[in-house]
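This note's numbering applies: residue 11 is where the sequence shown begins, and numbers increase by one.
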Amino acid sequence: MPRRKKTSSDDQAAEVMITSPDQPSPPKDAGSIDASEFEFLSVGLLQGREAKFQAIFTHEVINEIHAHGKTSMDAEICGVLVGNLYRDSHGPYLRIHASIRGDSAESHNAQVTFKAETWQHIQETMERDHARARIVGWYHTHPGFGIFLSGMDLFIQDNFFNLPWQIAMVYDPQAEEDGVFIWRNEKSERETRLTEPPAHVAEPQENALAAISMPDAADGITSRTWVLAGILFVASFGLTYALITAVRAVG
Ligand SMILES: [Zn+2]
11 MPRRKKTSSD
21 DQAAEVMITS
31 PDQPSPPKDA
41 GSIDASEFEF
51 LSVGLLQGRE
61 AKFQAIFTHE
71 VINEIHAHGK
81 TSMDAEICGV
91 LVGNLYRDSH
101 GPYLRIHASI
111 RGDSAESHNA
121 QVTFKAETWQ
131 HIQETMERDH
141 ARARIVGWYH
151 THPGFGIFLS
161 GMDLFIQDNF
171 FNLPWQIAMV
181 YDPQAEEDGV
191 FIWRNEKSER
201 ETRLTEPPAH
211 VAEPQENALA
221 AISMPDAADG
231 ITSRTWVLAG
241 ILFVASFGLT
251 YALITAVRAV
261 G
């Protein structure tokens with residue numbers, strides 16, 4: 011018996027979307043993103059903001075990813091990045107305000123994989139806690155072996171995070187370094203990670219101290235962390251100096 015022909019154009023469109031094997035996927039290029047469809051939200055004065063698609067993290071989510079990474083100093087761990095797309099006068103940008111730990115992800119020596127249970131946990135957390143946000147990328151760690159995307163990482167990026175605005179972040183908890191990878195012309199390119207300044211602005215002398223000890227992170231850390239960073243920095247020059255600085259910073 012022949013199938014009844016659908017009459018509504020909406021139905022036909024829906025059928026084509028489901029059955030067509032030649033549905034073109036959007037180019038893997040953040041430069042192809044049409045900013046006009048996103049809400050306008052100014053980022054204010056943000057160091058490093060350029061006239062192109064960029065990824066902007068809250069400093070809380072950076073702290074959370076680093077904390078997760080440091081729970082495993084030898085085996086890799088992973089999770090997903092949660093956020094939304096916006097535009098400002100510079101164009102489209104991604105704001106990452108949360109992350110979900112892939113706690114049931116299995117680590118095989120050097121490489122992470124997302125298991126079915128991990129995805130289920132992520133989907134449930136998205137529905138429960140982040141109903142108005144999207145999965146905008148993933149993060150994982152390279153304990154002691156630096157910031158790059160391996161062949162397996164590129165496979166994951168290409169198959170699960172292949173929308174033009176989806177990104178990858180790699181964190182090395184031993185070197186305490188991280189990097190962000192953005193789709194540019196079908197390739198994942200490493201780019202500057204922008205971080206929102208904290209709501210509480212650090213005191214000038216704390217800023218000066220942190221600028222000496224942590225130049226890469228001088229874009230958004232709470233004042234308490236500034237003090238800790240300062241203490242760690244001067245500790246290498248002698249306990250006496252460290253104590254004096256700690257007393258000064260606290261007082
Ligand atoms: Zn990797």
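Beta carbons: idealized from backbone N, C-alpha and C, even for Gly.
Practice task
Any chance you could list the residues with Cβ under 7 Å from a heavy atom of ligand 1, keeping chain order?
Solution key: Those residues, listed in chain order, are E86, Q121, V122, H150, H152, L159, S160, M162, D163, V180.
Handout entry: Inter-residue spacing [alpha-carbon to alpha-carbon] between E199 and T123
Key = If you take the alpha carbons of E199 and T123, they lie about 21 Å apart.
Exercise for the section: Find the nearest neighbour of P208 within the set P36, I72, F50, judged by alpha-carbon distance. Expected result: Of the listed residues, the one whose Cα sits closest to P208 is I72.
Practice task
For G189, collect the residues of the same chain with a Cβ closer than 6 Å to its Cβ; drop the 5 residues on either side in sequence, then sort them by chain order.
Solution key: Contacts found: I157, V180, R200.
Problem - Below-8 Å beta-carbon distance, I106 vs any chain D residue - result: In the displayed structure, chain D is absent; only one protein chain is listed.
Practice task
Return yes when the Cβ of W148 is within less than 8 Å of the Cβ of D174, no when it is not.
Solution key: Residue 174 is actually Pro in this sequence, not Asp. Cβ atoms of P174 and W148: not closer than 8 Å.
Practice task
Report yes if the C-beta distance between D182 and G154 is below 8 Å; otherwise report no.
Solution key: Against a cut-off of 8 Å, the Cβ pair of G154 and D182 comes out as a contact.
Problem - Which of helix, strand or coil DSSP assigns to N73 - result: For N73, the secondary structure class from DSSP, reduced to helix, strand or coil, is helix.
Practice task
Starting from W148, trace the beta strand (DSSP E) both ways and give me its first and last residue.
Solution key: For W148, the uninterrupted beta strand (DSSP E) run begins and ends at 144-151, by DSSP.
Handout entry: Whole-angstrom distance between D163 and G112, CA atom to CA atom
Key = Here the C-alpha atom of G112 lies approximately 15 Å from the C-alpha atom of D163.
Exercise for the section: Please say whether D98 and E196 have beta carbons closer to each other than 8 Å? Expected result: No, the Cβ-Cβ distance between E196 and D98 is not below 8 Å.
Handout entry: K125 versus H150: straight-line alpha-carbon distance, rounded
Key = CA-CA distance, K125 to H150, rounds to 14 Å.
Handout entry: Backbone secondary structure at N94 - three-state DSSP
Key = In the structure shown, N94 sits in a strand (DSSP, three-state: E or B).
Practice task
Please report the Cβ distance between H107 and G89, rounded to the nearest whole angstrom; I am assuming they are in contact, meaning their Cβ atoms lie under 8 Å.
Solution key: About 14 Å separates the beta carbons of H107 and G89, which is beyond the 8 Å limit, so they are not a contact pair.
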